[in-house]
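Here this note's numbering runs 1258 ahead of the position in the sequence shown, where the first position is 1.
Each residue gets a CB set at the ideal place from its N, CA and C atoms; glycine is no exception.
Reviewing the structure listed below.
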Amino acid sequence: MRLTLYLLLFVAPISLANECVVLLHGMGRTSYSMNAIEDLLAKEHYSVINNSYPSTKQDIQQLASVVGDGIAKCKKTGAQSIHFVTHSLGGILVRQYFQDNLVAEAKRVVMLGPPNHGSEVATNKKDQWWYKMATGPAGQQLGIEADSTPNQLKSIPLEIGIIAGTESLDPWFAGDLPKPNDGKVSVESAKLAEMKDFIAVPHSHTFMTNADVVASQIKLFLQHGHFSHEP
1259 MRLTLYLLLF VAPISLANEC VVLLHGMGRT SYSMNAIEDL LAKEHYSVIN NSYPSTKQDI
1319 QQLASVVGDG IAKCKKTGAQ SIHFVTHSLG GILVRQYFQD NLVAEAKRVV MLGPPNHGSE
1379 VATNKKDQWW YKMATGPAGQ QLGIEADSTP NQLKSIPLEI GIIAGTESLD PWFAGDLPKP
1439 NDGKVSVESA KLAEMKDFIA VPHSHTFMTN ADVVASQIKL FLQHGHFSHE P
């Protein structure tokens, strides 16, 4: 009994202390938008790297360097396993980075609302001045065309869990997207053939990072490599 209690109290937290999670926010956001997830994972004894990056100032290929920066910081913590939790564009940056990089410690990624096959919003609005101003170079690369950056990316050597939203709070883009969608990305676009698990939640693109159900699913996938599909 004493040995079991010791293992639960000390061994499990220490094992997670050897794991690090890199958080990557979405377009037009900052690290602040991932603070709730950062706090959640820190309480689970992960080392957490949560930095902002200039999402509207560079193209996807340039922005992907932030993934490498996060990995380098994780390695400095002595982490034996490195995971990722991404929102929107952040998921595309992870996929882009691992097109040309192999990291032995990299294990799992949870993607929230990723435009893995692009977004109809990017295709339909790319020539609008306000869209260009709001999304920058990367926004021009996120369309649904076959030659768009997301659609050109190959599979990556990580276990991938994807969480898609089904609630749209954005009337401006309602006519651009097939249903169901989260207001920015359709559920079908979020999926990848190589994903290990997938779940849809009744939350919008912008606010899913703060949803309790999303938080619990993130914890589950990082620890066990799957989501809960219980109603």
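Q. Quick one: Cα of Phe1431 to Cα of Ile1421, how far?
A. 20 Å
Q.
Within 8 Å, do at least three Cβ pairs link the region 1389–1400 to the region 1332–1341?
A. no
Q: Going by CA-CA distance only, name the one from Gln1481, Pro1460, Thr1467, His1482 that's closest to Met1369.
A: Thr1467
Q: Please report how far the alpha carbon of Ser1313 lies from the alpha carbon of Gln1319, in whole angstroms.
A: 11 Å
Q: Quick one: using the 10 Å Cβ neighbour count with 16 as the cut-off for buried, is His1487 buried or exposed?
A: exposed
Q) Among Thr1381, Glu1378, Gly1326, Gly1483, which has the Cα closest to the Cα of Tyr1355? A) Gly1326
Q. Anyone know if the C-beta pair for Ile1402 and Thr1381 falls short of 7 Å?
A. yes
Q. Three-state secondary structure (DSSP) at Phe1479?
A. helix
Q. Between the C-alpha atoms of Ala1337 and Ala1300, what's the straight-line distance to the nearest angstrom?
A. 14 Å
Q) Which residues share a DSSP beta bridge with Asp1455? A) Gly1419
(Q) Is the separation between the beta-carbon of Leu1282 and that of Leu1351 shorter than 7 Å? (A) yes
**Q.** Close-in-space but distant-in-sequence residues of the same chain around Asn1309 (CB under 6 Å, 5 per side omitted)
**A.** Ser1289
Q. Where DSSP assigns a beta bridge to Asn1439, which residues make up the other side?
A. Ser1444
Q. Going by alpha carbons, who is nearest to His1482 out of Ser1444, Lys1454, Asp1405, Asp1470?
A. Lys1454
Q: Would you identify the three-state DSSP class for Lys1331, choosing helix, strand or coil?
A: helix
Q) How many whole angstroms separate the CB atoms of Leu1480 and Arg1366, which I take to be in contact at a CB cut-off of 8 Å? A) 6 Å
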